[in-house]
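A.B. asks:
2 protein chains.
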Amino acid sequence: MPRIDAERFLRDLNELRKIGAYRTGVHRPTYSPQDMESRRWLMERLAECGLEPSIDGIGNVYGRHKGPGPHLLVGSHIESQNQAGWLDGALGVMTGVALARAGLPVDVCAFADEEGHFEGGFLGSRSIIGELSEDDIDRSRSRNDGQPLRDALAAAGLAGKPRMQLEPGRHKGFFEMHIEQGTQLESKGLRVGVVTGIVAIWQWLIHFDGQQDHAGGTTMAERKDAGLSAVRLLAAIDQEFHRVCGERSTWTTGRISLDPGAPSIIPGSAEVLFQFRDVSVPILERMEATLRALVQESNRREKCPATLSQKSRATPAICDAAMMLALEAAAEAEAPGVWTRMPSGAGHDAQYIAKRMPAAMLFTPSIGGISHHWAEDTKEEDLALCCQVLGTAAEKFLAS
Amino acid sequence: MPRIDAERFLRDLNELRKIGAYRTGVHRPTYSPQDMESRRWLMERLAECGLEPSIDGIGNVYGRHKGPGPHLLVGSHIESQNQAGWLDGALGVMTGVALARAGLPVDVCAFADEEGHFEGGFLGSRSIIGELSEDDIDRSRSRNDGQPLRDALAAAGLAGKPRMQLEPGRHKGFFEMHIEQGTQLESKGLRVGVVTGIVAIWQWLIHFDGQQDHAGGTTMAERKDAGLSAVRLLAAIDQEFHRVCGERSTWTTGRISLDPGAPSIIPGSAEVLFQFRDVSVPILERMEATLRALVQESNRREKCPATLSQKSRATPAICDAAMMLALEAAAEAEAPGVWTRMPSGAGHDAQYIAKRMPAAMLFTPSIGGISHHWAEDTKEEDLALCCQVLGTAAEKFLAS
């Protein structure tokens, strides 16, 4: 049974936390100076534990085990949402380092832009499985400020570097540890979650085209208020989605932008970022049909035409049965009675890596369920426990 | 009958249009370098036509007639909304200059920040009538970027300058010419509007306090989505306001901000800028009562508390009967059969100046009703015609 050096693991995590520190969290948007500093720091850690470090043309940092196989791949992402938590993806990457330090035959990878600062998102995991084309890179822009991805890569010093691909047959499976980002574990007093599957996110942009006008001179009958059409569609979604969703579906409006956004101007256009998630494709398709019908109805009733464009359409991933068995056995050994099986409501790099090899995930509890916010946190004893569960499971699975 | 030099009037307007030019309009936010340049340019024009120019501590530019009275005050504002039209307030200011050039005994004033780039709005006209305190100035911040008004005044070189007050008894009345900002004139083929009264704007900020969370990890039942509570309140306003509004009431949501505004984050807070307008105080009060009831209902039903704060509460202004008579007679003389009486749906400096002296307004048509947008425009022959109507009316009123 490989024993994880929990103290060293926590020390590594806390050292990484200093890069881009923001209050008790971090601010490391993809390809920002802070993000690139964390990638260079990680390469030093990978070299330190005997792996061969490299960084590729999309920013993936990879530590390759030099000894004989069978190998496992362990990792997650190292960039953060804006002003967000210190664990999130960093936890999965540093768990890989901890397993390597414990002598397990693992390659460790930090995939770039899981957080989707750039259109498309999951750039690193999509790239390493061969599902990110040069055209995709040419088209993608920052969701924060519109900067082209190519420019961001050049500014980060990555232009022209080759993009690495997974070596077929090298890995027996991929493990990703992550915070739960919810309160299912905490509310039941549990400390470990064995993930059964990962929801897919279908992300949409809804644009409304109105007429910018003075808010006093234009009568209610004359105006074409793009913001009002947006509010009516969102209210209709709120009324209808519960009729077609699944038990664990979620749907979220993350942004509403009225242009120009001033008190005395009727908005000339409006943009809405809307997404829904589920583990079941039929349920996702049912929600899509409802969304399309509501947009069609909006276009029948409203003066401001609505245009629906899909920004992402991932496939839900089901975790590998043998790897889940290894995780469950390890959880029962290390944390008897305080673990459970659960789906992941969030998207993760594992959903792309699962297209090339068996994959599984382990969740740590999230204090108060807070995520994508600088106050995100997990008890240190839970971090250490889950890292040990993953190490034990990795050994079990390698031996199976 | 004083004849206006229409060619010179249009040349002045087009010269001013070059300062802060944006496409076919202008971008001159209050106290910006472009705005201050236009104020200095105006002072040169005022001196040119024999007036004594000055600028005061709130940015009001004043041209004082040197001869004997009775005097009129003529003017409007010179700053613009962001990326907005070339006429709007500039038209009223340059009409004052045209009347001065024609030898009429007028003082000309460009009041600062009618557009409300800073909280409170109408800084110049409120200041000159003694209704803007030093405390008001201390508290006000930019609605665009949060900059304190004091800092903006200092950056514009206005810190420490005294603020001028209207000289009691000096003026027989105040005339303001403005674009209609609607399609009432254009749609009826009319060229001149004699304004009967000015609506009051009651501006509100509605803040919703939720819990920022991950859009996948947090179930629909657990989440406190501030954006969703905002959408539901706005949908309720859309359902209820038509039951209590007046015939010419307007209500507008100019901005909806979800924080942090990212695709995969449940908004932790939301802010809505909402306003309504009417010429009747009882109708304004009815709309206020409905808004307050809907916010109370939102707080009964929703998990995200809503807080309502009033950002402005103006009083509607009724135009002076004798001045309206002079305008009507001049309109019938210069534009027989193509003028009408009409209320103003927009707020104007005249509503504050009307607290200290008789005041009246004249509207020019707006092409397509477009306003607060760079495409705003009025036919040159209509501009010239209305300027002549105002000159004729001014002489009639002075002689009455």
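In order, the protein sequences belong to chains V and G. All letters in the first sequence, in the order written, are residues 1 to 400 by the working numbering. All letters in the second sequence, in the order written, are residues 401 to 800 by the working numbering. Even for Gly, the Cβ is constructed at its ideal location relative to N, Cα and C.
(1) Below 8 Å, how does it come out for the segment 705-722 of chain G and the segment 559-570 of chain G: are there three or more Cβ pairs, yes or no?
(2) Quick check: is any heavy atom of the ligand FAD less than 7 Å from the C-beta of residue 345 of chain V?
(3) Cα separation between residue 189 of chain V and residue 367 of chain V?
(4) Taking only the alpha-carbon atoms, compute the straight-line gap between residue 778 of chain G and residue 746 of chain G and give it to the nearest angstrom.
(5) Residue 100 of chain V and residue 93 of chain V - do their beta-carbons sit closer together than 8 Å?
(6) Is it a yes or a no for the segment 659-674 of chain G touching the segment 580-589 of chain G, going by three-plus beta-carbon pairs under 8 Å?
(7) Just by C-beta distance, which residues in the segment 523-556 of chain G are closer than 8 Å to chain V?
(8) For a test of the three-state rule: what should DSSP assign to residue 541 of chain G, helix, strand or coil?
(9) Hey, residue 630 of chain G and residue 656 of chain G are a contact pair by Cβ (cut 8 Å); roughly how many whole angstroms apart?
(10) For the candidate residues G:465, G:406 and G:458, whose alpha-carbon lies nearest to that of residue 506 of chain G?
(11) With three or more beta-carbon pairs closer than 8 Å as the criterion, would you say the segment 560-576 of chain G touches the segment 640-656 of chain G?
(12) Residue 101 of chain V versus chain C: which residues are under 7 Å apart at the beta carbon?
(13) At the level of alpha carbons, what is the spacing between residue 154 of chain V and residue 148 of chain V?
(14) With residue 250 of chain V as the anchor, note down where its beta strand (DSSP E) starts and where it stops.
(15) Sorted by chain position, which residues of the same chain lie with C-beta nearer than 8 Å to residue 338 of chain V's C-beta, five sequence neighbours on each side aside?
(16) Looking at chain G, which residues of the segment 358-384 of chain V have a Cβ within less than 8 Å of any of its Cβ atoms?
(17) From the DSSP secondary-structure annotation, give me the bridge partner or partners of residue 674 of chain G.
(18) Measuring CA to CA, which of V:253, V:211, V:247 and V:56 is closest to residue 166 of chain V?
(19) How long is the line joining the alpha carbons of residue 470 of chain G and residue 458 of chain G, rounded to whole angstroms?
(20) Any beta carbon of chain G sitting closer than 8 Å to that of residue 419 of chain V?
(21) On the three-pair Cβ rule with 8 Å, is the segment 511-525 of chain G touching the segment 404-422 of chain G?
(22) Helix, strand or coil: how does DSSP classify residue 242 of chain V here?
(23) Which class does residue 315 of chain V belong to by DSSP, given the choice of helix, strand or coil?
(24) Taking the alpha-carbon positions, what's the residue 497 of chain G to residue 563 of chain G distance?
(25) From V:320, V:398 and V:128, pick the residue whose C-alpha is nearest to that of residue 60 of chain V; which is it?
(26) If you follow the alpha helix (DSSP H) that residue 589 of chain G is in, where does it begin and where does it stop?
(27) How about residue 453 of chain G and residue 467 of chain G: do their beta carbons lie closer than 8 Å?
(28) Closer than 7 Å between beta carbons: that is the criterion. Which residues of the segment 603-618 of chain G meet it against chain V?
(29) Can you pull out the residues from the segment 569-595 of chain G whose beta carbon lies closer than 7 Å to at least one beta carbon of chain V?
(30) Could you tell me the alpha carbon to alpha carbon distance between residue 403 of chain V and residue 348 of chain V, rounded to whole angstroms?
(31) Going by DSSP in three states, residue 631 of chain G sits in which element: helix, strand or coil?
(32) From G:723, G:729, G:776 and G:540, pick the residue whose C-alpha is nearest to that of residue 490 of chain G; which is it?
(33) Which residues, taken in chain order from the segment 657-673 of chain G, show a beta carbon closer than 9 Å to some beta carbon of chain V?
(34) Where do the N-terminal and C-terminal ends of the alpha helix (DSSP H) with residue 327 of chain V fall, by residue?
(35) Using alpha carbons as the reference points, say which of V:226, V:215, V:199 and V:202 lies closest to residue 208 of chain V.
(36) Here's a check: name, in chain order, each residue in its chain whose Cβ is nearer than 6 Å to the Cβ of residue 603 of chain G, leaving out the five neighbours to either side.
C.D. replies: With the structure as the only source:
(1) no
(2) Here there are no bound small molecules, and the ligand FAD is not part of this structure.
(3) 11 Å
(4) 17 Å
(5) no
(6) no
(7) Taking 8 Å as the Cβ-Cβ cut-off against chain V, the residues of the segment 523-556 of chain G that qualify are 543.
(8) Collapsing the DSSP output to three states places residue 541 of chain G in a strand.
(9) 6 Å
(10) G:465
(11) no
(12) Annotation note: the requested chain C is absent from the structure, which comprises protein chains V and G.
(13) 10 Å
(14) First-last of the beta strand (DSSP E) with residue 250 of chain V: 250-259.
(15) 189, 190, 191 and 192
(16) 366, 369, 370, 371, 372 and 373
(17) Looking at the DSSP assignment, residue 674 of chain G forms a beta bridge with G:604 and G:653.
(18) Nearest neighbour of residue 166 of chain V by Cα position, chosen from V:253, V:211, V:247 and V:56, turns out to be V:56.
(19) 27 Å
(20) In the structure displayed, chain V extends from 1 to 400; residue 419 of chain V sits before or after that span and is not available.
(21) no
(22) helix
(23) Coil.
(24) 22 Å
(25) With distances taken between Cα atoms, residue 60 of chain V lies closest to V:128.
(26) No alpha helix (DSSP H) holds residue 589 of chain G; DSSP gives it neither H nor E.
(27) The answer is no: Cβ separation not under 8 Å.
(28) 603, 612, 613, 614, 615, 616, 617 and 618
(29) 580, 581, 582 and 583
(30) Here chain V comprises residues numbered 1 to 400, so residue 403 of chain V is not present and cannot be evaluated.
(31) helix
(32) G:776
(33) Flagged, chain order: 657, 658, 660, 661, 662, 663, 664, 665, 666, 667, 668, 670 and 673.
(34) 321-334
(35) Checked all of V:226, V:215, V:199 and V:202; the closest Cα to residue 208 of chain V is V:226.
(36) 675, 711 and 712
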